[in-house]
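In what follows, a structure is listed as structure tokens, so that the remarks can point back to it.
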Amino acid sequence: MAFRCLGALFGLMLLFCAPLRAQNIEDLPLDDPSVPTMPTPVPPTQAQHPHSENEPIASDVIASPTAFLWQALYAGVVVAGLCSYLGLFVVARRMVFIGVALAEISSAGIAMGLLVGFAPLWGGLAFMLLGVILFSRRWAPRRLPPDAVIGVFYSLATALGILLIAKSAQGESHMLTLLRGDILAVDPFETLEMLLVFAVIGIIHWLFGKEFLLVSLDRDTASTLRYNSAFWDFLLFLTIGTAVSLSIRSVGVLLTSTMLIVPAATAFLLVPRWKGAAMLAPILGILAVAIGLWLSLVGDFPASAVIVAVSFAIMAPALVWHSFVRRG
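Going by the working numbering, the sequence shown runs without a break in its numbering and finishes at 346.
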């Protein structure tokens, strides 16, 4: 049921997430007060302006402020819907740090892409794949818990990202935006790409959710039933890493890490069973995005930071209720 609800959510987003094109000044009414007054330009010659008369140029395009809000809401719903669900596996496996580590590793890959000169997204995906391979293999000594190994690679990825940024001409400004995130500047085509990839991830979890759940919650039973735990771990971490990499490109590391951990943790505090938590976590994540965007608009605050604060504000009553009411 939880997978069908997520599929329905992604289907609705696909219907409404059509690319939001900018409005042309020529398409707007002349008495529209939202259009700034512009001086009448001198008609250029054909040599000065090789474009045709009906072809809009960059100075003629003004984006509607409402369009930015809708773009941010669409992107936030897509990220919150899937990352909140995937975060259930991260929290259930007691490997909360892996989400932050994959985000940092992907950021280092993006920095590498900026330095070398190829698409930053592919650099992030390549580094993410390397991190997934490392984390899915149980080659570490038994004396070291998984979180210790993840922490080592997290520190290494952070240092590598700093070194690569220092050698990149545009890396510092780009990575600063990447870390803080700017959900209001999301490209609608990026949202559509993210939605399509996330739909594939949702189908994978709909088909193999039982295997993912078994190797995450009861590895002994999975071994008894001759499940290839290493393969299912790799596939699970691959879906999580892909979602993290694409989300970072759109909304930044801060918001992605929050959506991967906080809604899932809140859902487990309120609902003890997996099915209930799988339905509740995406709802909590989407609710935090909607409230956070509204508060950022009203109070003129950074949207991503407000969404993170709202997520923790939603979690606080659940933590109090679980600590004092439910236990009592």
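Cβ coordinates follow ideal geometry from the N, Cα and C atoms, glycine included.
Since the structure is predicted, the reported quantities are computational estimates derived from the model, not experimental observations.
Quick one, which of R267, L231 and I258 has its alpha-carbon nearest S125's? For S125, the closest of R267, L231 and I258 by C-alpha to C-alpha distance is R267.
Mapping DSSP to helix, strand and coil, what is A137? A137: coil per DSSP, three-state reduction.
Is the beta carbon of A217 less than 8 Å from the beta carbon of T284? no
Within 10 Å of its beta-carbon, does V150 have 16 or more other beta-carbons around it, so buried, or fewer, so exposed? buried
For the ligand HEM, is there any heavy atom lying closer than 7 Å to the beta carbon of D251? The ligand content of the structure shown is nil, which means the ligand HEM is not present either.
Quick one: Cα of K101 to Cα of V326, how far? The question names Lys, but residue 101 is Cys in the sequence shown. Roughly 14 Å separates the two Cα atoms.
Count the other C-beta atoms from every protein chain shown that fall within 10 angstroms of the C-beta of P290, then say buried if there are 16 or more, exposed otherwise. exposed
State the Cα-Cα distance for the pair T242 and L231, rounded to the nearest angstrom. If you take the alpha carbons of T242 and L231, they lie about 15 Å apart.
Which runs of the alpha helix (DSSP H) fall wholly inside the stretch 295-338 and span at least 4 residues, in chain order? 321-338
Is it buried or exposed for A166, if we count other Cβ within 10 angstroms and need 16 for buried? exposed
Kindly indicate which three-state DSSP category R244 falls into: helix, strand or coil? Coil at R244, not helix or strand.
Exposed unless 16 or more other CB atoms sit within 10 angstroms - verdict on V134: exposed
Can you give me the Cβ contacts of K185 inside the same chain, cut-off strictly under 8 Å, excluding the 5 residues immediately before and after it? Once the five neighbours on either side are set aside, the close Cβ partners of K185 are L133.
Can we say the stretch 291-298 touches the stretch 237-252, given the rule of at least three CB pairs closer than 8 Å? no
Where does K228 fall in DSSP's three states? Of the three classes helix, strand and coil, the one that applies to K228 here is helix, per DSSP.
Give every residue of the same chain whose Cβ lies closer than 7 Å to the Cβ of G310, excluding the five residues on either side of it in the sequence, and list them in chain order. A321, V324, I325 and V328
From D200 to S154, what distance separates their C-alpha atoms? 31 Å
Since I believe I116 is in contact with V109 (beta carbons under 8 Å), could you give me their beta-carbon distance rounded to a whole number of angstroms? In fact, because the Cβ distance is near 10 Å, the residues do not count as touching under 8 Å.
Terminal residues of the alpha helix (DSSP H) in which M277 lies: Judged by DSSP secondary structure, M277 falls within the alpha helix (DSSP H) whose first and last residues are V271 to L288.
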